[in-house]
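The sequence shown begins at 17 in the working numbering and counts up by one.
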Amino acid sequence: MQNNFSTADRVRNSLKTQFIADALAMPVHWFYNQMDIEKAFPGGIQRFEAAPEFHPSSIMSLHSTSSGGRRARHRHKAEPQIVGDVILKGRAQFWNVPNVHYHQGMAAGENTLNAHCSRVLMRCLADDKGHYRAQTFLPAYIGFMTADPPAHSDTYAESYHRGFFANLAKGLPPEQCAMKTHDTPSIGGLVTIAPLVFSERLRGTEMPDIQALCREHLALTHPDETLMQVCDRYVNLLCGLMEGPDEEGIKALLSEAGKGSVGLDVAALVKRNLPDNQVVGRMYSPACYISDSWPVVLYLAYKYRNDPWLALRVNTNLGGDNVHRGMVLGALLGLISNDVASRWFDQLVDHEEIGRECFKLMNENIKTRGPAVRAEQLIDIYQARLDVPSPWTVISDQVMGGVSSAALQQDDHHSSPCTCLTGRTRLDNNGGFVQMKLEMEPGWSCANYRGLFIELCGAAHDYNLHVKTNQLDKPWQSFRCTLPVEPQWTRFIVPYGQLLAHRTDAQLKPADIKSVAVVAIGSEFDVDVCVRRFGFFL
C-alpha cells in the first residue's frame, strides 16, 4: 500500500506499472489456450520475455489491411492499402502468413503499439501544460502512426487504428475518422485514459469535467456509448484511488466500479474462491470486448490488490487480450502499490524515455507565471509529503499587538499534498499581516541559482513573497514581489532581479538568503493559500 505517498508519487507509479503490465503480457498476447502458453513458456510468463516466432492463436492473416475489421473476400481495387502504405510501413508482409505473432520480433521488455499511443498522449498533455486538447492529440497521433520508418517495433494495429486511417485516406477530417466495427467497445479504448485523468486531476479539474474530456477523447477512435459508460466508472475509480484510500476504501471503490450496467458484485465473486481460469474463460471471456474485460480487470484488482505483481502475472497467463487488460489493471494497481514499479520499471526497453515523459507530464502540467524554465532546472528545497512534518511555520501580526488570525496545517488540495495557511488579516492596532515562513537550512547556498520558484494554490488573491537575508536586521525589511494566487496550482518563477528591496538600501545577495515567506498583507481579507513545492532554478 502507498496511502502515505504523495498523490504525485502514486500517479508516477501508476503510469510506470501500466507499461510494465503491457510488456509483461506482450509475448502471449491473444493466446486463447492456456496450454499453449504453458507450452511456449513452461510455468507461464514470470518475467519479461521476447515474442516467440510461432503464435498458435494468431488470426492476423484474416484481418483487413485496408480498413477496420476482418478481411473482405474481394478487395475493391480502389481501396488503399493502409497497413504497409499508410501505417506500419515495412510490416505488411507479416500479415499474410499464418501463425505469425502479432508482435513478432519484439524483444523482452518492449511495449506494444497502444502503449506507445498512450505515450503520445502523455507528451501532448505535457506540451499543453496538463490540459487535454483533441487538436493537439490528433496531429501527434497521425504523425506517430504514419512515421517512416515506424516509431515503434510493433507489427499489429488494432481495428480502430486501421479504420481511422482508412477514413483519413478517404479525405474525412481527423475528428470524424473513427470507424465503428464489431470490436469498437473494447478494453483497448481505455489504454490512453489514465494519463488524461491524472493530468487533469492534478490541475484541479473536477471529475465530471474529466469524464467529459475522456468521452471526447474516446469518440476520436472508439465511438461507443457502452464503452463510454465504463470509461466514466474507470475515471471515477482512478480519481478515488489517487486519494490514497485505506484497505476498506480500496475495496469499496472497486466494488462500486462493478455496479450499474456491468452488474458485477466483485466482492461476492472473489469470496467464491473459484479458480481464475474458471472466472476468466467460462464466466467471462478473455477477449477484448468491454462487457467481459472490465469485470475481469475489477476481479483481478480486487482479488490480488495486496500482491500486484502476482495480479499482473495471473492476468498475463490467462491469455486473450491480456495486454490491454493489463494496462488498465496496471494503472489501478500502481495507484495502490509502488512494488511493481520499483522492481521492474528499469527493465523496460524504453524505461529512460518513459521515465522522462512521466517526469515532464508531472512537472509541466501546471500553470506557470514568469520566464520559461525547464523542469530539470528546478532544484527542490521543499516538496510536500503528508507523512513528513511541514517545515513551514506560521507568524501573525499578534507578535506586535495586531489581531489578525492564522493557522497552518498540512492538507491535500486538488490531489496534491501541501501546507496551507488560513485565517484572516485585520488592520486593527496597526496590524494587517499573516505569513507562513520557511527557514533555509545552515550551509545551503543560494548563490549558484538565477532565482527561486514556488507552487501555490488558494482563493484568488494577491500575496507577497518575502525573502530575508542575513544583511537585514529589521523585521519590516525584506526583498519582495507580489504573487497573484489562483484556485488552480500555479508555479511562480521569480528571478532574483524581480525581488525589490523594501525599506532598505541593501542589495540582494543570494548567498545570504536565510528565509522565505508567503505573506498575506495590506488589507483585510480571508486568507487561504497553500504551498506544495519551493526551490531554486538554475
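Every residue, glycine too, gets a C-beta built ideally from N, C-alpha and C.
Taking the alpha carbon of E216 as the point to measure from, which residue in V207, G204, L229, G205 has its own alpha carbon closest? L229
What are the boundary residues of the beta strand (DSSP E) that includes Y479? 477-485
In DSSP terms, what K453 is bridged to: T409, A533
Would you mind reading off the limits of the beta strand (DSSP E) that contains V510? 506-511 is the span of the beta strand (DSSP E), which, as asked, contains V510.
Note down, in chain order, each residue of its chain lying with its Cβ closer than 8 Å to the Cβ of I53, except the 5 sequence neighbours on either side. V44, F47, G60, I61, N333, G335
Count the other CB atoms, across all protein chains shown, that sit within 10 Å of the CB of D521; report buried if there are 16 or more and exposed otherwise. exposed
Looking at the structure shown, is K32 part of a helix, part of a strand, or coil, going by DSSP? K32 falls in the helix class under three-state DSSP.
Here's a check: name, in chain order, each residue in its chain whose Cβ is nearer than 6 Å to the Cβ of L184, leaving out the five neighbours to either side. C193
Report the three-state DSSP secondary structure of D594 (helix, strand or coil). Residue 594 cannot be examined here, being either before or after the span of the chain that is shown, 17 to 554.
Sequence-distant residues of the same chain with beta carbon closer than 7 Å to F35, five excluded per side: N127, A131, L364, I370
Between the alpha carbons of A67 and L402, how many angstroms are there, rounded? 43 Å
Mind the definition here: the region 468-480 touches the region 506-515 only if three or more C-beta pairs lie below 8 Å; say whether that holds. yes
Backbone CA spacing between V419 and T485 [nearest angstrom]: 27 Å
Just to confirm, are P190 and L154 a CB contact at a threshold of 8 Å? A contact, by the Cβ cut-off of 8 Å.
Cβ neighbours of L129 in the same chain (closer than 8 Å, five flanking residues each side left out): H168, D170, Y172, A173, E174, H177
Could you tell me which residues DSSP puts in a beta bridge with E471? R507, R549
By the three-class DSSP mapping on this structure, what secondary structure does I61 have? Of the three classes helix, strand and coil, the one that applies to I61 here is coil, per DSSP.
Would you kindly work out how many angstroms separate the C-alpha atoms of V27 and M258, rounded to a whole number? 7 Å
Have a look at the DSSP bridge pairing and note the partners of F70. V116
When the Cα atoms are used, what is the spatial distance from E232 to K453? 43 Å
Using the Cβ count rule (16 or more neighbours within 10 Å means buried), how would you classify W492? exposed
In whole angstroms, give me the CA-to-CA distance for L472 and F160. 36 Å
Is it the case that the region 512-531 contacts the region 432-444, given that we only count it when at least three CB pairs across the two stretches are under 8 Å? Remark: fewer than three beta-carbon pairs, one from each stretch, lie closer than 8 Å, so the region 432-444 and the region 512-531 are not flagged as touching.
L290 in three-state terms, based on DSSP: coil
Hey, how far is the Cα of A39 from the Cα of F64? 7 Å
Using the rule of at least 16 other Cβ atoms within 10 Å of the residue's Cβ for burial, across every protein chain shown, is H198 buried or exposed? Burial state of H198 is exposed, judged by a 10 Å Cβ sphere holding fewer than 16 other Cβ atoms.
Report the rounded CA-to-CA distance for I529 versus L424, giving the unit in angstroms. 23 Å
For G439, name the three-state secondary structure that DSSP assigns. strand
Looking only at its chain, what residues have a beta carbon closer than 6 Å to the beta carbon of G85, apart from the 5 residues adjacent to it on each side? Confidence is the limiting factor: at G85 the pLDDT is only 49, short of 50, which leaves the residue's position unreliable, though a coordinate-based value still follows. Within the same chain, G85 has close Cβ partners S175, T197.
Hey, out of S353, I226, V483, L328, whose CA is closest to E263's CA? For the options S353, I226, V483, L328, the alpha carbon positioned closest to that of E263 is the one of S353.
Inter-residue spacing [alpha-carbon to alpha-carbon] between G538 and P407: 25 Å
Nearest by alpha-carbon distance to W311: which of N322, D292, N49, L326 is it? The question names Trp, but residue 311 is Pro in the sequence shown. The shortest C-alpha separation from P311 is found at D292.
Assigned secondary structure, A422 (DSSP; H/G/I helix, E/B strand, else coil): strand
Tell me the rounded alpha-carbon separation between I226 and Q245. Looking at the two C-alpha atoms, the distance is approximately 13 Å.
Quick check on the burial criterion: 16 or more other C-beta atoms within 10 angstroms. Buried or exposed for D248? buried
Buried or exposed: K32, going by 16 or more other Cβ atoms within 10 Å of its Cβ? buried
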